[in-house]
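Undergrad: Sending over a structure as structure tokens; questions will come in a sec.
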Amino acid sequence: MTGINKKAQQRSVEIISNKKVGAYHHIVFAVGDMATFAKPGNFVAISVGGSNSSMILRRAFAIYRSNDRGQYGGTIELVVAPHGQGSKWLTGLHIHDHVDMVGPLGVSFGIPTEPVNALLVGGGYGSAPLFGLAEVLKERGCRVDMILGASVAGKIYAPLEGKRSVNSLTVTTEDGSTGSKGKVTDVMPELIKKYNSEIVYSCGPMPMLAAVDNLAEQFGLMHQCAVEESMACGIGVCMTCVLPVKDEHGVIKMTRSCIDGPVMDGSKVVWNSNRQIPEGTWGA
Amino acid sequence: MIESSNFDMRVKFGHKQFDSPVFTASGCAGSGKELSQFFSLTELGAVVTKSIALKPRSGRATPRMAETPSGMLNSIGLQGPGIDQFLEDDIPWLVKNQARVIVSISGQTVDDYASLARRLRVVPGLSGIEVNISCPNVENRGLVFACDPVASREVIEAVRRNIGGELPIIAKLSPDVTDIVEIAGEVIGAGADGLALINTLLGMVIDIDKQRPKLAGKTGGLSGPAIRPVAVRAIYQVHAAFKNTPILGMGGVTSGKDALEMIFAGASAVSIGTANFGNPTAAIKVKKEIRELLIERGFNSISEAVGVAHNE
């Protein structure tokens, strides 16, 4: 799957809820029919800082959930970590404040046509889009097992309503403050065997995705991952969010994660930790 | 006050007339398709394409971007498919969708520019050539032609010889020079019909946690509202010296007010660059506001307003 998300629209949307949950904020926006087109894995891009802001670039957020027929009409929910200036501004907004949102953007997770055993692996707030995905997979009759990892307990995002859509949830933290001590990849092999997983979906920091892809390959499983590259526009015009990906002919190209992703086939991504242009890349 | 519908928005570069004074800046509008889902490209004066080279270019490693106060650094490194695929994919799509097209070209040698011009000469549907002699994101900064009057002249002469007399040539200049008026004089003398002012300024951001430059390419081009006063100054200086050469003004234009500063300084039209990233419909907003603001100030046309800041 590749290309421009033709359903994308730009509109001023109203915040109808903003709650702190652990290390994150859960924010709900009334977005009208933008919600109808949002699928798990899609993201939105939001202007931050208000009209006289010195922050000129949009911030991209994976959609946590969308609902096209709620009390407020269509809604989109995000889980935001107040890390930088822009996300701090966003998490500081109040109910009835408006923001300029563009969405839904990007390629969504591919859903199997037949029921399969799916293993969902999330890191930090990277778990957010996986809960919406779990709901869709469940509706299709899939078995859904989930692993969530973070550095500390407060950075695990696993809301109650989300847990209902998974058959099992395994939590890992690097300091052992909740769940088992270690990384998601420490428990992954055992769970793949135990639940007879057939496909892996992942979302989180790039080093985690690379490690998950390595295991998926060892077990011969398909792996769809939502990559995380910093973006300036989110709509495919700035060419900053690129990463090396093999095309259908096996040629490595610097590929935009906003338009040809964020969801990508893990086996096509050239995982390189030194972040150089890999040898043999088209045009290198 | 005149009716909005009678206000004359037309601008001219060389032999070509454009219906709108708002263009998209090179490298800031993708292939055109990406913005076309938000507005019709026929609203623009023209789409100025990403700068295209003879061969495919992977561009630079990431990180390629750093946000700065009211601006950003980019270090893309002219990523692109090369002229062959560009002519096969991008141009036919733009022409079919009735967008006016100015092709931006970039080379490493004078011969590269000459070859690109020869290729483009026979392509139907084009409205101009922007000669990018000022991209700061190249390995060898010595290759920035626009920093050297002789090299600037040679490139434009080569393009003029190979493109013929029909398509206007717009030379894109760098503000990172001692005297931009001197460079402008050289490229006008060599046959440029218009000037694109300004390209990005060379900048750097240091990541204080990693204690290293934030961009993989170390340096990047600074753009956005932060550089607007530099652009207005460059436009003002060049227009003062060369009143008859139309200028495509750019550098942080986000609103109609920003565009008016450039038009009053001497720009005949403006390009929207970095503002597209923050607002996909920025070009439409700027176009609407230019019209409103100029009508409010009693102008009947864009051309009446060009360079009025120079009046005694």
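Which chain is which? The protein sequence lines are C and A, in order.
Under my numbering, think of the first position of the first sequence as 1, with each following residue one higher.
Under my numbering, think of the first position of the second sequence as 285, with each following residue one higher.
Ideal Cβ placement from N, Cα and C applies to all residues, glycine included.
Every value quoted in this text rests on a predicted model; they were computed, and no experiment measured them.
Does the distance from the C-beta atom of Leu357 of chain A to that of Leu506 of chain A stay below 8 Å?
TA: Taking 8 Å as the Cβ cut-off, Leu357 of chain A and Leu506 of chain A qualify as a contacting pair.
Undergrad: Using a Cβ cut-off of 8 Å, pull out every chain A residue sitting near Glu229 of chain C, in sequence order please.
TA: Correct list: Thr346.
Undergrad: Expressed to the nearest angstrom, what Euclidean distance is found between the alpha-carbon atoms of Pro207 of chain C and Asp213 of chain C?
TA: Their backbone Cα atoms lie some 10 Å apart in a straight line.
Undergrad: Is Gly283 of chain C close to chain A, meaning its C-beta is less than 8 Å from at least one C-beta of that chain?
TA: Closer than 8 Å: yes.
Undergrad: Closest by CA to Lys20 of chain C, which one among C:Tyr157, C:Gly261, C:Gly179?
TA: Of the candidates C:Tyr157, C:Gly261, C:Gly179, the one whose C-alpha sits nearest the C-alpha of Lys20 of chain C is C:Tyr157.
Undergrad: Out of A:Lys572, A:Asn563, A:Ile586, A:Val439, which one is the CA nearest neighbour of Leu57 of chain C?
TA: With distances taken between Cα atoms, Leu57 of chain C lies closest to A:Asn563.
Undergrad: When DSSP labels each residue in this structure, what does Gln218 of chain C get in the three-state scheme?
TA: It is helical.
Undergrad: Name the residue from A:Ala309, A:Lys334, A:Arg403, A:Leu479 whose alpha carbon lies nearest to the alpha carbon of Lys296 of chain A.
TA: Checked all of A:Ala309, A:Lys334, A:Arg403, A:Leu479; the closest Cα to Lys296 of chain A is A:Leu479.
Undergrad: Taking 8 Å as the CB-CB cut-off, is Gly236 of chain C touching chain A?
TA: Cβ-Cβ to chain A under 8 Å: yes for Gly236 of chain C.
Undergrad: Classify Met1 of chain C as buried or exposed, calling it buried when 16 or more other Cβ atoms lie within 10 Å of its own Cβ.
TA: Residue confidence is low: Met1 of chain C scores 42 on pLDDT, short of 50, so the model does not pin down where it sits. Its coordinate-derived value is still stated next. Answer is exposed; the Cβ neighbour count stays below 16.
Undergrad: From this set, A:Val471, A:Glu588, A:Ile490, which residue's C-alpha is nearest Pro347 of chain A's C-alpha?
TA: With distances taken between Cα atoms, Pro347 of chain A lies closest to A:Ile490.
Undergrad: Are the CB atoms of Lys334 of chain A and Ser388 of chain A nearer to each other than 8 Å?
TA: Contact flag set, yes.
Undergrad: Of the residues A:Val443, A:Lys569, A:Asn528, A:Ser320, which one's Cα is nearest the Cα of Ala543 of chain A?
TA: When only C-alpha atoms are compared, the closest one is A:Lys569.
Undergrad: Where does Gly448 of chain A land, buried or exposed, given buried means 16+ other C-beta within 10 angstroms?
TA: Label assigned to Gly448 of chain A: exposed.
Undergrad: Under a CB-based cut-off of 8 Å, is Thr240 of chain C close to chain A?
TA: It does; some Cβ of chain A falls within 8 Å.
Undergrad: Are Val237 of chain C and Leu319 of chain A closer than 8 Å when you measure CB to CB?
TA: It is a contact, given that the beta carbons lie within the stated cut-off.
Undergrad: For Ser555 of chain A, which of A:Ile367, A:Asp292, A:Ala313 has the nearest alpha-carbon?
TA: Here the closest residue by C-alpha is A:Ala313.
Undergrad: Does any CB atom of chain C fall closer than 8 Å to the CB of Ala500 of chain A?
TA: Answer yes: the Cβ-Cβ gap between Ala500 of chain A and chain C drops below 8 Å somewhere.
Undergrad: On the DSSP bridge assignment, give the partners of His223 of chain C in chain order.
TA: C:Val200, per the DSSP bridge assignment.
Undergrad: Should Ile413 of chain A be labelled buried (16 or more other beta-carbon atoms within 10 Å of its own) or exposed?
TA: Buried is the call here.
Undergrad: Quick one: what's Gly487 of chain A bridged to in DSSP?
TA: DSSP output for Gly487 of chain A lists A:Gly504 as bridge partner(s).
Undergrad: May I ask you to report which of helix, strand or coil DSSP gives Leu191 of chain C?
TA: Of the three classes helix, strand and coil, the one that applies to Leu191 of chain C here is helix, per DSSP.
Undergrad: Buried or exposed for Asp460 of chain A, please, with buried defined as at least 16 other CB atoms from any protein chain shown within 10 angstroms of its CB.
TA: Classification for Asp460 of chain A: buried.
Undergrad: Just to confirm before moving on: does the CB-CB distance between Gly41 of chain C and Ala216 of chain C stay below 8 Å?
TA: Taking 8 Å as the Cβ cut-off, Gly41 of chain C and Ala216 of chain C do not qualify as a contacting pair.
Undergrad: What does Arg341 of chain A touch in chain C if you count any residue whose Cβ is under 7 Å from its own?
TA: Result: Gly283.
Undergrad: Starting from Phe109 of chain C, follow its DSSP beta bridges and name the residues at the other end.
TA: Answer is none; Phe109 of chain C lacks a bridge partner.
Undergrad: By Cβ distance, which residues of its chain are closer than 7 Å to Thr185 of chain C, with the 5 residues on each side in sequence left out?
TA: Only Ala211, Val212, Leu215 meet the Cβ criterion.
Undergrad: Going by the DSSP bridge assignment, what does Tyr24 of chain C pair with across the sheet?
TA: Answer by DSSP bridge pairing, in chain order: C:Val21.
Undergrad: With DSSP run on the structure shown, which of helix, strand or coil describes Met534 of chain A?
TA: In the structure shown, Met534 of chain A sits in coil (DSSP, three-state: anything other than H, G, I, E or B).
Undergrad: Check each candidate in A:Gly355, A:Arg341, A:Gln321, A:Gln301 and name the one with the smallest Cα separation from Ala330 of chain A.
TA: Comparing Cα-Cα distances from Ala330 of chain A to each of A:Gly355, A:Arg341, A:Gln321, A:Gln301, the minimum goes to A:Gln301.
Undergrad: Quick one: is Thr113 of chain C buried, meaning 16 or more other Cβ sit within 10 Å of its Cβ, or exposed?
TA: With fewer than 16 Cβ atoms within 10 Å of its Cβ, Thr113 of chain C is classed as exposed.
Undergrad: Please decide whether Ile360 of chain A counts as near chain C, where near means a Cβ-Cβ distance under 8 Å.
TA: At least one chain C Cβ lies under 8 Å of Ile360 of chain A.
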